[in-house]
Amino acid sequence: MKKNIFWRIRPILFTIFGFAISHNLFFIMLPIRMKESGYETSNIGLAMSMFAVGAICAGLFGSRAVLRAGHIRAFASMAAMLSIVSVIHSYTTDIWLTGALRMIAGFCYVTSFITLESWLNVLSDRSNRGRVYGTYQICFAIGFGTAPFLFGMFNEQDPRLFGLISVFLCFSLIIMSMSRLPAPELPARSTPITLKKLWNYSPSGTLSCFCAGLINASSVSLISLYAYSKGISGIWLSLILGSYQMGGLLTQFPTGWLADRYDKRVIASGLMVMGVISNSLIVLDNFHPYPIEVLAVLFWISGGSGVALFPLAVTQVFDHIDPKEAMPVTSTMQILLGAGGVIGPIIASSLMSEFSVVWLYYYIITVHVFVFAFLMIRKLYVRTEKMPSTNQFKVSVQPIASTDFDPMLDFKDTNTTNPELKLLLAALGQNPTDPGLLIKLALQGSELNANDVAKNMVLAYPKRSGEMIRHLIAQFPKRRLEIAYSLHDLFMLRKARINNLVLESLLEGSTAEEAEEINALIASINKAHDDNLKQDPAKT
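See below:
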């Protein structure tokens with residue numbers, strides 16, 4: 282991934298690291314505190330499962346908080362609420378109150394994740410989205426894996442641990458509040474999109490999301506029962522219990538790197554094959570035991586194959602949506618993940634109780650095989666996964682033989698179906714006295730957004746594109762970078778004169794930091810074009 286993307290998303294990466302530490306500290310501490318208070322394991326499990334209920338509620342209603350207050354304020358509210366929950370935990374071990382607090386925490390954490398991931402969707406594109414989400418998941422895994430070491434530094438009953446959780450939450454809150462990331466456009470709707478619409482965007486991504494919940498929750502919740510039944514103890518027990526996140530560290534970035542270059546269904550299928558092999562070998566260990574070192578490596582590979590499936594599912598879906606739909610789409614995907622997270626452990630634990638603990642891995646193998654079969658069928662026989670872009674356009678090129686060839690090639694928008702947008706473009710074509718005021722009034726009095734207007738103005742009036750973008754930015758100067766990124770696909774068309782006009786308008790009046798980022802965007806587009814030419818010289 283290019284350095285400018287890493288640099289740009291660093292506030293989100295630091296934030297998710299702090300959130301992951303606090304997230305896992307809750308999971309480690311609360312069961313131990315309740316157990317030492319005399320509660321039965323079944324009741325403890327019920328109280329802890331309320332987190333999944335809160336997560337599903339966040340998928341249903343979390344985006345309303347963002348729509349009401351905006352991304353920054355919504356994230357700040359969730360972090361502050363989690364800090365309050367942490368303090369309340371330090372005063373009580375009542376199991377009913379703990380269950381209620383777990384549900385609140387589930388809502389707040391997942392709403393925060395929805396907010397951060399919708400931010401990542403705006404800041405990334407198809408060329409780097411896999412690596413962006415892979416890096417995001419790596420930072421989460423590092424934070425998640427750091428929590429047990431911090432826990433080991435204190436007594437499990439030490440209330441200062443809850444203060445430590447609050448510190449990391451506030452640390453994350455400060456970073457996001459002080460960052461200069463452009464806030465994503467608020468969604469036009471506050472509710473999740475329908476499952477049918479998500480399926481239409483990407484059947485493979487939708488199914489992979491649900492199955493990731495089936496795999497992940499079962500692995501994380503029940504691996505300790507399997508390890509204890511095998512008599513594993515000491516440092517090897519710690520390594521195996523943490524194998525899910527440690528395996529994720531090994532697979533996240535390579536998976537993202539490959540997903541940016543090849544069909545994501547093929548990469549996800551490869552993960553499933555890796556999971557089937559590693560989990561089958563874990564089952565075989567019950568009949569022909571391996572050295573503990575070999576078994577630990579198998580657990581890491583098994584965890585890595587499962588943990589990378591969800592971010593890959595997210596990128597599959599996000600490749601086919603409009604950025605303004607990021608929040609409703611992420612909400613629906615979190616609902617699917619949460620539903621899988623509730624159903625998976627119930628099925629797996631029932632099989633383990635009915636037969637033996639090794640049936641946990643028979644169950645996981647079955648889910649892996651199902652996902653692999655579905656993805657391969659989609660890839661080989663149902664060639665509908667490559668959805669059209671949500672912003673369709675075509676280029677009308679004059680014949681080369683024409684004596685009056687104009688390098689300012691005419692763009693023709695093929696998907697300007699919004700009547701308000703049509704009216705605005707028609708009005709701009711009449712050479713109004715104050716185009717900037719016309720643009721401002723159109724945007725303020727409708728559901729139009731600056732990004733769509735920018736793209737369609739350039740498509741409709743390429744020779745006046747610089748003037749149009751200049752008027753738009755004059756009205757919305759804080760959206761300069763967002764507008765620049767929304768024009769990424771148009772810059773890729775390599776129409777030099779049009780690109781220069783637009784670039785001059787984007788740079789005019791910009792700060793040094795904004796100018797650097799805009800130039801970095803253009804440089805990355807040029808580099809991608811040069812790389813494509815090197816791979817396929819015939820394109821010249």
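The letter at position 451 of the sequence shown is residue 732 when you use our numbering, and the numbering goes up by one with no holes.
Heads up, the beta-carbon is just placed ideally off N, CA and C, and yes, glycines get one too.
>> Helix, strand or coil, according to DSSP, for G790 in the structure here?
In response: Coil at G790, not helix or strand.
> So what does DSSP say about S805, is it helix, strand or coil?
Replying inline: DSSP places S805 in helix when its eight states are reduced to three.
> Since E748 is in the alpha helix (DSSP H), which residue starts that stretch and which ends it?
Replying inline: S746 to Q756
> When burial is assigned at 16 or more other CB atoms within 10 Å of the CB, is P669 buried or exposed?
Replying inline: Model confidence at P669 stands at a pLDDT of 40, short of 50, so the residue's coordinates are unreliable; what they give is reported in the following sentence. Flag for P669 reads exposed.
> Among residues of its own chain, excluding the 5 on either side of I325, which ones have a beta-carbon nearer than 6 Å to its beta-carbon?
Replying inline: P312 and M315
> Just to confirm, are I803 and L753 a CB contact at a threshold of 7 Å?
Replying inline: no
> What is the rounded straight-line gap between the Cα of L690 and the Cα of Y766?
Replying inline: Below a pLDDT of 50, predicted positions are generally treated as unreliable, and L690, at 36, falls in that range; the measurement from the model is reported next regardless. Taking the straight line from one Cα to the other gives about 22 Å.
> Touching or not, the segment 479-491 and the segment 388-408, by the rule of three or more beta carbon pairs under 8 Å?
Replying inline: no
> Distance, Cα to Cα, L718 vs C389?
Replying inline: 40 Å
> Three or more C-beta pairs closer than 8 Å, one from the segment 440-458 and one from the segment 606-623: is that the case here?
Replying inline: no
> Hey, would you say L702 sits closer than 7 Å to N732, going by beta carbons?
Replying inline: no
> The alpha helix (DSSP H) with Y766 in it runs from where to where?
Replying inline: R761 to S767
> So does the segment 628-644 actually touch the segment 560-577, counting three or more Cβ pairs closer than 8 Å?
Replying inline: Because the criterion of three Cβ pairs below 8 Å is met, the segment 628-644 and the segment 560-577 touch.
> Does the distance from the CB of S559 to the CB of L656 come in under 7 Å?
Replying inline: no
>> Do S746 and L782 count as a contact pair if the criterion is CB distance below 7 Å?
In response: yes
>> Looking at S786: is its Cβ nearer than 7 Å to the Cβ of I750?
In response: yes
> In whole angstroms, what separates the C-alpha of L431 from that of G444?
Replying inline: 12 Å
> Over what stretch of residues does the alpha helix (DSSP H) that includes R314 continue unbroken?
Replying inline: R291 to E317
>> Please classify V739 as buried or exposed, where buried requires at least 16 neighbouring CB atoms within 10 angstroms.
In response: buried
> According to the neighbour-count rule (16 or more other Cβ atoms, all chains shown, within 10 Å of its Cβ), is V595 buried or exposed?
Replying inline: Taking a 10 Å sphere around the C-beta of V595, we find 16 or more other C-beta atoms and assign the residue as buried.
> Where does M633 sit, in a helix, a strand or coil, going by DSSP?
Replying inline: Helix, per DSSP.
>> Let me make sure I understand the geometry here. Which of A428, L488 and D770 has the alpha-carbon closest to that of I658?
In response: It is L488.
> When DSSP labels each residue in this structure, what does V639 get in the three-state scheme?
Replying inline: coil
>> Report the start-end ranges of each alpha helix (DSSP H) in the segment 321-365 that is 4 residues or longer and not cut off at the edges.
In response: Entirely contained in the segment 321-365, the alpha helix (DSSP H) runs reaching 4 residues are, in chain order, 322-350.
> Cα separation between V638 and V648?
Replying inline: For V638 and V648, the distance between alpha carbons rounds to 17 Å.
> Between the C-alpha atoms of F599 and G512, what's the straight-line distance to the nearest angstrom?
Replying inline: Within the model, the alpha-carbon separation for F599 versus G512 is close to 44 Å.
> Can the beta-carbon of D541 be found closer than 7 Å to that of R412?
Replying inline: yes
> Are there 16 or more other CB atoms within 10 angstroms of the CB of K744, so buried, or fewer, so exposed?
Replying inline: exposed
> Going by other Cβ atoms of all chains shown within 10 Å of its Cβ, with 16 needed for buried, is P609 buried or exposed?
Replying inline: buried
>> Which residue wins for smallest C-alpha separation from T838, given the options S344, T392 and P473?
In response: Since the first residue shown for the chain is 282 and the last is 821, residue 838 is missing from the structure and cannot be characterised.
> Beta-carbon separation of M434 and T392 under 7 Å?
Replying inline: No, the pair does not count as a contact, with Cβ atoms beyond the cut-off.
> Excluding five sequence neighbours on each side, which residues of the same chain lie with their C-beta closer than 7 Å to the C-beta of I456?
Replying inline: Only P292, F295 and T296 meet the Cβ criterion.
>> Going by DSSP, what residue range makes up the alpha helix (DSSP H) through N732?
In response: A731 to A741
> Hey, out of L706, G426 and L562, whose CA is closest to L306's CA?
Replying inline: G426
>> Is there a Cβ of chain D sitting closer than 7 Å to that of N481, yes or no?
In response: In the structure shown, chain D cannot be found, because there is only a single protein chain.
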